[in-house]
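Protein chains in written order, with the working numbering: chain A, 311 to 683; chain B, 14 to 193.
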Amino acid sequence: MLSLDIQAQTGDLTLNVATSIGDGVTALFGPSGCGKTTLLRAIAGLMPSEGTIRCNNVVWQSTGTFMPLHQRRVGYVFQDDRLFPHLTVAGNLQYGFRRAKAAGLSIGLELQEVVARFDLEPLLQRYPNTLSGGESRRVNIARSLCSQPQLLLLDEPLTGLDAQRKADIIPYLATVAKDLSIPTVYVSHINDEIAQLCDNMLVMTAGTLIDEGPTGEVLGRLWRASGPDQSYGDPGSLLEASVMHFDEANAMVHLNVAGQELQVISPTEPQTQDLRLFLAAADVALSLDQPGRMSIRNVLTGAIVGIRQLTGAKIGLVAIDIDLDAENHGQDKGNDHKIVAHISAAACNDLGLARGMPVYALIKSAKLTTPFA
Amino acid sequence: MPLVMPPTVLGFYLLVLFSPDNALGGSWLALTGTTLAFSFYGLVFASLIYSLPFMVQPLTAAFTQLGRGPMEAAASLGASPMDAWLTTILPMARNGYLTAGVLTFAHTVGEFGIVLMVGGNLAGETRVISIAIYESVETLNYQEAYILSGGLMAFSFVVLLGVYQFNRQFAMSLTPRGMR
Numbered sequence: 311m312l313s314l315d316i317q318a319q320t321g322d323l324t325l326n327v328a329t330s331i332g333d334g335v336t337a338l339f340g341p342s343g344c345g346k347t348t349l350l351r352a353i354a355g356l357m358p359s360e361g362t363i364r365c366n367n368v369v370w371q372s373t374g375t376f377m378p379l380h381q382r383r384v385g386y387v388f389q390d391d392r393l394f395p396h397l398t399v400a401g402n403l404q405y406g407f408r409r410a411k412a413a414g415l416s417i418g419l420e421l422q423e424v425v426a427r428f429d430l431e432p433l434l435q436r437y438p439n440t441l442s443g444g445e446s447r448r449v450n451i452a453r454s455l456c457s458q459p460q461l462l463l464l465d466e467p468l469t470g471l472d473a474q475r476k477a478d479i480i481p482y483l484a485t486v487a488k489d490l491s492i493p494t495v496y497v498s499h500i501n502d503e504i505a506q507l508c509d510n511m512l513v514m515t516a517g518t519l520i521d522e523g524p525t526g527e528v529l530g531r532l533w534r535a536s537g538p539d540q541s542y543g544d545p546g547s548l549l550e551a552s553v554m555h556f557d558e559a560n561a562m563v564h565l566n567v568a569g570q571e572l573q574v575i576s577p578t579e580p581q582t583q584d585l586r587l588f589l590a591a592a593d594v595a596l597s598l599d600q601p602g603r604m605s606i607r608n609v610l611t612g613a614i615v616g617i618r619q620l621t622g623a624k625i626g627l628v629a630i631d632i633d634l635d636a637e638n639h640g641q642d643k644g645n646d647h648k649i650v651a652h653i654s655a656a657a658c659n660d661l662g663l664a665r666g667m668p669v670y671a672l673i674k675s676a677k678l679t680t681p682f683a
Numbered sequence: 014m015p016l017v018m019p020p021t022v023l024g025f026y027l028l029v030l031f032s033p034d035n036a037l038g039g040s041w042l043a044l045t046g047t048t049l050a051f052s053f054y055g056l057v058f059a060s061l062i063y064s065l066p067f068m069v070q071p072l073t074a075a076f077t078q079l080g081r082g083p084m085e086a087a088a089s090l091g092a093s094p095m096d097a098w099l100t101t102i103l104p105m106a107r108n109g110y111l112t113a114g115v116l117t118f119a120h121t122v123g124e125f126g127i128v129l130m131v132g133g134n135l136a137g138e139t140r141v142i143s144i145a146i147y148e149s150v151e152t153l154n155y156q157e158a159y160i161l162s163g164g165l166m167a168f169s170f171v172v173l174l175g176v177y178q179f180n181r182q183f184a185m186s187l188t189p190r191g192m193r
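Encoded structure:
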């Protein structure tokens, strides 16, 4: 558990953040320049700040005390590649591992285990300048784990990688994060990545947090943060799905969501049984009748559990919350199988939508991609 | 200071300092039995003082180029500042030392004023190539001047080529493949 209550000033940015971050992966989300990296640097102690930072009941910083980074035990994956060019991959991994061992620190991560998990065996004797972008990102993340950190800070660790390389890394990250019970802060401004990896979410703007909570809930109300000048990307919902089968000929994976089938494009076969998908609210259309012949392959049935008028940047739109669990018609039972659709207020009025009504939710397969796409 | 001081002036002061009447020259005489002025050791000492400042610039450039990144990364892996410096900055700046060393050496080889002041021009003892060239020209021995000058020029060229080649290779080895 990481608790912080800090203030700092750098350039135009005034950082003022008070929150606590539990075990598991927490997304730090916000437009560029809002202070995400500054917050990470303050947590790491690389940027001076006032206030208190406490990690697992150890005071890292408060009035009159300041623990420097090398004593804080923070695994920090920087936005840029910071492997040591004069050491091999093995040398880079051992750098933190040996020092942690010498200091008698351990979170139970053995070097061999990390090497195996990140599939680094073939790279061990190579020098960083011979690695591809994806390989070097993997080594960066693995190296930070080898130092047995109490806290993991990942600053856009997948930036600059193409979809295929991201697809290589996300499964690693997801499993590592799940198995290690240390707080992890994951900086990103990409909804899909967050949906796939993060349990909780912090939304930041101009140096302060404006929203925080479970990823599914926060993603659904992201529109509130967006203004005319700033966009937080598309709001949407998080779907927990399990893989039924993979149709290689059509590059289509068939998923089970709340007992209903969802078809999603995926160039490669998913490596895990359970998937999380981000479904943008604007990509969902609604129908009151059973739709006939059309190109949209996904027709999910559910019931309306909420209707909200949107304002600000989304004026003229209505958010419709739909529960996909047929048994729960009309009753909001948590977030698990709920999706949100943004439709125009005019359409909402014409259809006469109201709470409790059964609806068909239409989702284009082309709009959905798996974490591995 | 030696960076901007005229070599002849520096040489003069060093000559005074090297004289057996002075503390430095006196103690050297007592220790070794020879004077520091007009000796090979005196030359080395004077060249060192004159040329060392020229090492500072390439070294500063090498350290600046590395930035705070490696130190921060090392600290996040549990290395104390001293440990981090010794294990990252020191080895990563290795091209800086080599470049600085070679350039300073080449610079010293061509030095004239300070060498003449401190070393005099004793054949077989303190006569260096650049002074030998000067003397050859003075005595109208152009043949020897050509040979010596040609040799120095070839030497300079080889040094320059070597430094550039090494720097390029080194820069390549530090750059991630995708950025080349």
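From the three backbone atoms N, C-alpha and C, an ideal C-beta is built for every residue, glycine too.
| Item | Value |
| --- | --- |
| Opposing strand residues paired with Met95 of chain B [DSSP bridges] | Met95 of chain B pairs with nothing; no bridge assigned. |
| Length of the line joining the Cα atoms of Leu663 of chain A and Ile673 of chain A | 19 Å |
| Beta-carbon spacing of Thr398 of chain A, Arg436 of chain A below 8 Å | yes |
| Asn367 of chain A, buried or exposed, once every other Cβ within 10 Å from all chains shown has been counted against 16 | exposed |
| Partner residues on chain A for Ser196 of chain B, Cβ-Cβ distance less than 7 Å | Any question about residue 196 of chain B goes unanswered here, given that chain B covers just 14 to 193. |
| Beta strand (DSSP E) runs wholly inside the segment 518-577 of chain A, at least 3 long, in chain order | 518-524, 546-557, 562-567 and 570-575 |
| Proximity winner among A:Asp593, A:Val609, A:Ile617 and A:Ala590, relative to Asp599 of chain A (alpha-carbon distances) | A:Val609 |
| At least three beta-carbon pairs within less than 8 Å, the segment 75-83 of chain B to the segment 103-113 of chain B | yes |
| The segment 423-434 of chain A touching the segment 443-455 of chain A, judged by at least three CB pairs closer than 8 Å | yes |
| Identity of the residue in A:Thr515, A:Thr611 and A:Leu419 nearest Phe339 of chain A by Cα | A:Thr515 |
| Nearest-angstrom Cα separation, counted from Ile142 of chain B out to Ala97 of chain B | 44 Å |
| Under 7 Å by beta carbon: chain A residues contacting Thr101 of chain B | Phe394 |
| Collapsed DSSP secondary structure at Leu663 of chain A in the structure displayed | coil |
| Sub-8 Å separation of Ile363 of chain A and Leu403 of chain A beta-carbons | no |
| Proximal residues of chain D, C-beta to C-beta of Gly406 of chain A below 7 Å | In the structure shown, chain D does not exist; the protein chains are A and B. |
| Element boundaries [beta strand (DSSP E), containing Gly612 of chain A] | Asn608 to Gln619 |
| Beta-carbon gap between Val497 of chain A and Lys346 of chain A smaller than 8 Å | yes |
| Distance cut-off 7 Å: Val335 of chain A Cβ against heavy atoms of the ligand PLP | As for the ligand PLP, it is missing from this structure, which has no ligand bound. |
| Same chain, Cβ closer than 7 Å to Gly137 of chain B, five either side skipped, listed in chain order | none |
| Proximity test, Cβ basis, 8 Å: Met18 of chain B and chain A | no |
| Cβ-based neighbour list, Val176 of chain B, same chain, cut-off 6 Å, excluding 5 preceding and 5 following | Thr112 and Val115 |
| 8 Å CB neighbourhood of Phe388 of chain A in its chain, flanking five on each side removed | Asn450 and Asp465 |
| Helix, strand or coil at Ser89 of chain B according to DSSP, with G and I counted as helix | helix |
| Within-8 Å CB hit, Ala74 of chain B to chain A | no |
| Rounded distance between the beta-carbons of Ile331 of chain A and Pro493 of chain A, thought under 8 Å | 5 Å |
| Stretch pair the segment 43-56 of chain B + the segment 317-336 of chain A: three plus CB contacts closer than 8 Å | no |
| Any chain A beta carbon closer than 8 Å to Glu85 of chain B | yes |
| 8 Å Cβ shell around Leu529 of chain A - same chain, five flanking residues per side excluded | Asn501, Ile504, Ala505, Met511, Pro545, Gly546, Ser547, Leu548 and Phe588 |
| From A:Gly626, A:Met667 and A:Gly406, residue whose alpha carbon lies closest to that of Ser654 of chain A | A:Gly626 |
| Counted within 10 angstroms of its Cβ, other Cβ atoms place Gln474 of chain A as buried (16 or more) or exposed | exposed |
| Test: Arg383 of chain A CB closer than 8 Å to a CB of chain B | yes |
| Range of the contiguous beta strand (DSSP E) that encloses Tyr670 of chain A | Pro668 to Ile673 |
| Contact the segment 613-623 of chain A vs the segment 27-35 of chain B: 3+ CB pairs below 8 Å | no |
| Of the listed residues A:Thr440, A:Ala651, A:Asn560 and A:Ser552, nearest to Asn566 of chain A (C-alpha basis) | A:Ser552 |
| C-alpha gap between Lys411 of chain A and Asp489 of chain A, whole angstroms | 21 Å |
| Residues that Tyr386 of chain A bridges to, as DSSP identifies them | A:Leu463 |
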